[in-house]
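Undergrad: Residues in the sequence shown are numbered consecutively from 150, following this note's numbering. Positions of the beta carbon are idealized from the N, C-alpha and C atoms, including for glycine.
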Amino acid sequence: MAAFEYQALADGKQTTRGIIQADTARAARAQLRDRGLLPLDIQQVEAKTRQQFSLRSQGRERALVLRQLATLLRAGLTLEEVLSILVEQSEASLQRRQLGAIRSRVMEGQSLSVAMAEHPALFPPLYSASVAAGEQAGRIDQVLARLADYAERRDETSRSVSLALVYPALLAMIAIGVVWGLIGFVVPRVVGVFETAGQDLPGLTLSLLAISDLVTQHGLWLLVGILILIVGMAIAWRSPGPRLSIDKFLLASPLFGRLIKANQTATFTRTLAILSSSAVPLVEALTVASRVASNLQVRNDIERAAAQVREGQSLTAALENARWLPPMARRLMAGGERSGELAPMLEHAADIQERELNSATTVMLAVLQPVLILLVGGMVLYIVLAIMLPILNMSQLLQ
150 MAAFEYQALA
160 DGKQTTRGII
170 QADTARAARA
180 QLRDRGLLPL
190 DIQQVEAKTR
200 QQFSLRSQGR
210 ERALVLRQLA
220 TLLRAGLTLE
230 EVLSILVEQS
240 EASLQRRQLG
250 AIRSRVMEGQ
260 SLSVAMAEHP
270 ALFPPLYSAS
280 VAAGEQAGRI
290 DQVLARLADY
300 AERRDETSRS
310 VSLALVYPAL
320 LAMIAIGVVW
330 GLIGFVVPRV
340 VGVFETAGQD
350 LPGLTLSLLA
360 ISDLVTQHGL
370 WLLVGILILI
380 VGMAIAWRSP
390 GPRLSIDKFL
400 LASPLFGRLI
410 KANQTATFTR
420 TLAILSSSAV
430 PLVEALTVAS
440 RVASNLQVRN
450 DIERAAAQVR
460 EGQSLTAALE
470 NARWLPPMAR
480 RLMAGGERSG
490 ELAPMLEHAA
500 DIQERELNSA
510 TTVMLAVLQP
520 VLILLVGGMV
530 LYIVLAIMLP
540 ILNMSQLLQ
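1. Over what stretch of residues does the alpha helix (DSSP H) that includes P269 continue unbroken?
2. For T436, count neighbouring Cβ atoms within 10 angstroms of its own Cβ and tell me buried if that reaches 16, exposed if not.
3. With DSSP run on the structure shown, which of helix, strand or coil describes Q550?
4. Got a sec? Which residues, its chain only, sit under 7 Å from T510 by beta carbon, not counting five neighbours each side?
5. Specify the secondary structure class of P188 as computed by DSSP and reduced to three states.
6. For A321 and L530, which I take to be in contact (beta-carbon distance under 8 Å), what is that distance rounded to the nearest angstrom?
7. Take the Cβ of E237 as the centre, count every other Cβ of all protein chains shown within 10 Å, and call the residue buried at 16 or more, exposed below.
8. Of the residues A179, Q291, A266 and G258, which one's Cα is nearest the Cα of A219?
9. Rounded to whole angstroms, what's the CA-CA distance from A359 to G326? Just pull it up for me.
10. So, for I536: in the same chain, excluding its five sequence neighbours on each side, which residues have a beta-carbon less than 6 Å away from its beta-carbon?
11. Which residue from Q446, L226 and A456 puts its Cα closest to that of A467?
12. If T414 sits next to L474, beta carbons under 8 Å apart, how far is it from one beta carbon to the other, in whole angstroms?
13. So, for T551: in the same chain, excluding its five sequence neighbours on each side, which residues have a beta-carbon less than 8 Å away from its beta-carbon?
14. Less than 7 Å between C-beta atoms, sequence neighbours within five positions excluded: which residues of the same chain meet that for E460?
15. Which word fits T227, buried or exposed, when buried means at least 16 other C-beta atoms lie within 10 angstroms of its C-beta?
16. Please specify which runs of the alpha helix (DSSP H), each continuous and at least 4 residues long, are wholly inside the stretch 285-332, giving them in chain order.
17. On the three-state DSSP scale, how would you describe T227?
18. Give the straight-line distance between the Cα atoms of S439 and L353, rounded to the nearest whole angstrom.
19. Three Cβ pairs or more, each shorter than 8 Å: is that satisfied between the stretch 267-284 and the stretch 388-407?
20. With distances taken between CB atoms, is the gap from L506 to M482 smaller than 8 Å?
21. With E452 as the anchor, note down where its alpha helix (DSSP H) starts and where it stops.
22. Which of helix, strand or coil does DSSP assign to T173?
23. State the start and end residues of the unbroken alpha helix (DSSP H) segment that holds A428.
24. Which of helix, strand or coil does DSSP assign to Q193?
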């Protein structure tokens with residue numbers, strides 16, 4: 150039985166939307182007519198969700214869905230009842246289609262983890278693998294609760310960083326627009342007065358005029374060049390070879406290296422802790438953790454460690470050459486392996502790295518804002534001095 154999203158007329162004038170279960174689209178229309186509805190449009194949920202692409206993050210929706218799943222399952226409701234409730238109360242159309250498709254797969258006899266794995270945008274591999282282990286151990290509600298905590302924590306972190314970056318981003322865009330306008334339109338008219346008067350211009354003013362001529366005469370080509378550069382960087386970012394080189398450089402950079410290492414270590418240890426506590430085998434947990442890693446160098450190191458663990462090496466020995474892994478996290482892993490308490494030690498390492506990440510992010514943002522203000526002030530000072538110097542020279546000649 151499949152899920153169909155419908156749009157129909159109720160009482161001949163009011164439009165209503167929803168999701169209905171039926172074997173075929175014709176059967177779905179028949180059910181709607183039995184309810185006194187006039188079908189306008191019916192589309193199968195699975196086909197539509199695979200074709201649709203969302204530019205926005207689904208982190209908040211993921212955390213909410215996982216929390217509701219855990220709470221309602223603990224309350225004693227069946228999985229089909231829980232999914233039906235989530236579909237009915239979902240306000241976002243994309244999320245409603247995804248949940249409708251998951252409910253349809255579960256009603257066909259598939260497990261929840263398999264149905265979730267078909268929608269990686271809403272449930273990445275970490276979630277489906279953990280749910281699969283929870284299903285085998287009979288602890289699906291506990292696993293869902295842990296995943297909800299993890300999703301809420303990650304969503305809170307990403308939102309706090311995004312909000313902190315709003316002011317620097319707005320300041321940078323406003324500064325670029327103001328400077329571009331001054332150089333392209335104001336400077337040529339002001340300094341042109343001195344050129345017509347035959348006055349010798351200082352070197353600072355001549356340099357500003359050269360920049361102004363470049364902007365006014367070739368501004369469009371400059372914008373096209375910047376756009377081509379951005380597109381080229383995006384293409385290089387999607388290519389494995391250039392992407393690996395960029396990721397290696399970022400890991401080794403003194404400015405962003407600390408942030409990236411803390412973020413990748415926190416994500417890796419938290420993912421591995423959740424999977425290990427959910428009774429997922431270590432090799433499979435490492436494979437899933439490699440997919441979660443965003444840095445290609447880190448992903449390659451984790452995949453190599455998974456292969457070595459499969460051959461019988463310990464986790465600590467397999468990650469010995471992973472330079473991005475801090476010594477503290479390495480020692481905690483080694484202690485966890487010796488004591489048989491790997492998951493709690495990984496949780497502890499993740500907590501430490503998340504605090505380190507928050508500290509590094511706060512420091513970077515505290516430094517970034519005054520640096521941007523100084524840069525904007527320096528550019529404005531350069532323009533003002535380039536305009537004022539000829540005026541001062543002219544006043545001295547008149548005296």
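TA: On the basis of the coordinates in this document:
1. On the sequence shown, position 120 is the one that residue 269 refers to. Careful: P269 lies outside any alpha helix (DSSP H) and carries neither H nor E.
2. For the purposes of this step, residue 436 is identified with residue 287 of the sequence shown, where counting begins at 1. Per the 10 Å Cβ criterion, buried.
3. The chain is shown from 150 up to 548; residue 550 falls before or after that span and cannot be answered.
4. The count along the sequence shown starts at 1 and reaches residue 510 at position 361. V310 and L408, listed in sequence order.
5. Here residue 188 is taken as the residue at index 39 of the sequence shown, counted from 1. It is a strand residue.
6. Taking the sequence shown and counting its residues from 1, one reaches residue 321 at position 172. Taking the sequence shown and counting its residues from 1, one reaches residue 530 at position 381. Incorrect: roughly 18 Å between the Cβ atoms, too far for contact.
7. Here the question's residue 237 lines up with position 88 in the sequence shown. By the 10 Å Cβ count, E237 comes out exposed.
8. If you number the sequence shown from 1, residue 219 lands on position 70. Selection A179, Q291, A266 and G258 evaluated against A219 yields Q291 as nearest (Cα-Cα).
9. Looking up residue 359 in the sequence shown gives position 210. Looking up residue 326 in the sequence shown gives position 177. If you take the alpha carbons of A359 and G326, they lie about 19 Å apart.
10. Counting from one through the sequence shown, the residue named residue 536 turns up at place 387. The answer, listed in chain order, is V339.
11. Sequence index remark: in the sequence shown, residue 467 carries index 318 (1-based). Minimum Cα distance to A467 is reached at A456.
12. Within the sequence shown, residue 414 is the residue found at index 265, counting from 1. Within the sequence shown, residue 474 is the residue found at index 325, counting from 1. At roughly 6 Å, the Cβ-Cβ gap stays under 8 Å, so T414 and L474 are in contact.
13. Absent from the model: residue 551. The displayed extent of the chain is 150 to 548, so no value can be given.
14. For the purposes of this step, residue 460 is identified with residue 311 of the sequence shown, where counting begins at 1. Hits under 7 Å: none found.
15. Here residue 227 refers to the residue found at position 78 of the sequence shown. So T227 counts as exposed.
16. 289-330
17. Counting from 1 along the sequence shown, the entry for residue 227 is found at position 78. Coil.
18. Here residue 439 corresponds to residue number 290 of the sequence shown, with the count starting at 1. Here residue 353 corresponds to residue number 204 of the sequence shown, with the count starting at 1. Going by the C-alpha atoms only, they are around 53 Å apart.
19. no
20. To locate residue 506, count along the sequence shown from 1; it is residue 357. To locate residue 482, count along the sequence shown from 1; it is residue 333. Cβ distance not < 8 Å, so L506 and M482 don't count as in contact.
21. In the sequence shown, counting from the first residue as 1, residue 452 sits at position 303. Annotation: the continuous alpha helix (DSSP H) that includes E452 extends over L445 to R459.
22. Here residue 173 refers to the residue found at position 24 of the sequence shown. Three-state DSSP puts T173 in coil, outside helix and strand.
23. For this step, residue 428 is matched to residue 279 along the sequence shown. Unbroken run through A428: none, as it is neither H nor E.
24. Position 44 of the sequence shown, counted from the start, is the residue given in the question as residue 193. Three-state DSSP puts Q193 in a strand.
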